[in-house]
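So for the sequence shown, our numbering puts the first residue at 285; every next one is plus one.
Even for Gly, the Cβ is constructed at its ideal location relative to N, Cα and C.
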Amino acid sequence: ENEVEDGSVKLIGKEIDEFEEGSIMSIALIVEVYGKDMHDDLEPVIERRFHSSINFAEGVWHAGQRNSDWFRNSNWIRISKKSKEAGFKFIDLGRILVHKVKEEFGGIATRVQATVVTDEAEIERRFPEAKAAYDKRDERMKGLKDDLVGEFYTCTMCQSFAPAHICVITPERIGLCGAINWLDAKAGHNISPNGPNQPLNK
């Protein structure tokens, strides 16, 4: 509990006005959550909401989900010239995430802090920890087959930019974004019964 300073947002690396217009650079968004009911299965559920939360910012666009060694360049954030001129900063991404996690998961998350990292060396240093977490999630799914469960789950997260799109997630079929497996979708539905993951009876 004492490791999470509620509402704290830090930036490690350069801010947006220190990069040339049109630059392509790496960024890491790290959100740390404390809550007495928080557990590992809830991590990907909260993490997936980063997508919709970031897209609430006017002139800021986010696409993709978790990164891994083979999926490393699929997670994109674009910030419009207009938003930058209006004063949008990289640290604001952290502020948005702290606010939205508290708003959407207030019953679970009692303390939330965020770190935005633009320093390439720091991103590389922290990447193995993220990769280990993703590998652990994937390991949970091994051995779970479609015929062993009574229901699948839908996912509509991508409808913010693909309005007619829907995924059907099964133990043997992850979401097309590559980030959402059956256990994640099940946990997502348990937390938010009216949210983007809905049960689909076989």
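- Just measuring C-alpha positions, the residue of Glu299, Gly371 and Met425 sitting nearest Glu404 is Glu299.
- For Leu377, the enclosing alpha helix (DSSP H) starts and ends at Ile375 to Glu388.
- Excluding the 5 residues flanking it on each side, Asp290 has same chain C-beta neighbours closer than 6 Å at Arg395, in chain order.
- Annotation: Lys384 to Ile407 spans about 23 Å, alpha carbon to alpha carbon.
- The alpha-carbon of Pro477 is positioned some 43 Å away from that of Glu302.
- In terms of Cα proximity to Asp431, the closest of Ala414, Asp422, Pro455 and Ile475 is Pro455.
- In terms of Cα proximity to Glu331, the closest of Ala417, Gly306 and Asp376 is Ala417.
- Taking the Cα positions, Trp466 is about 21 Å away from Ala446.
- Cβ contact annotation for Phe436 (same chain, cutoff 7 Å, sequence separation greater than five): Val452, Ile453, Thr454, Leu484 and Lys486, in chain order.
- Going by DSSP, Glu456 is part of no beta strand (DSSP E) at all; its letter is neither H nor E.
- A Cβ-Cβ separation of about 24 Å leaves Gly319 out of contact with Ile375 under the 8 Å criterion.
- Taken in chain order, the whole alpha helix (DSSP H) runs of length 4 or more contained in the stretch 394 to 453 are 404 to 425.
- Nearest to Met425 by C-alpha distance, out of Glu287, Val293, Ser310 and Ile458, is Ile458.
- Annotation: the continuous beta strand (DSSP E) that includes Ala312 extends over Ala312 to Tyr318.
- Looking at the backbone, the Cα of Gly371 and that of Glu304 are separated by about 15 Å.
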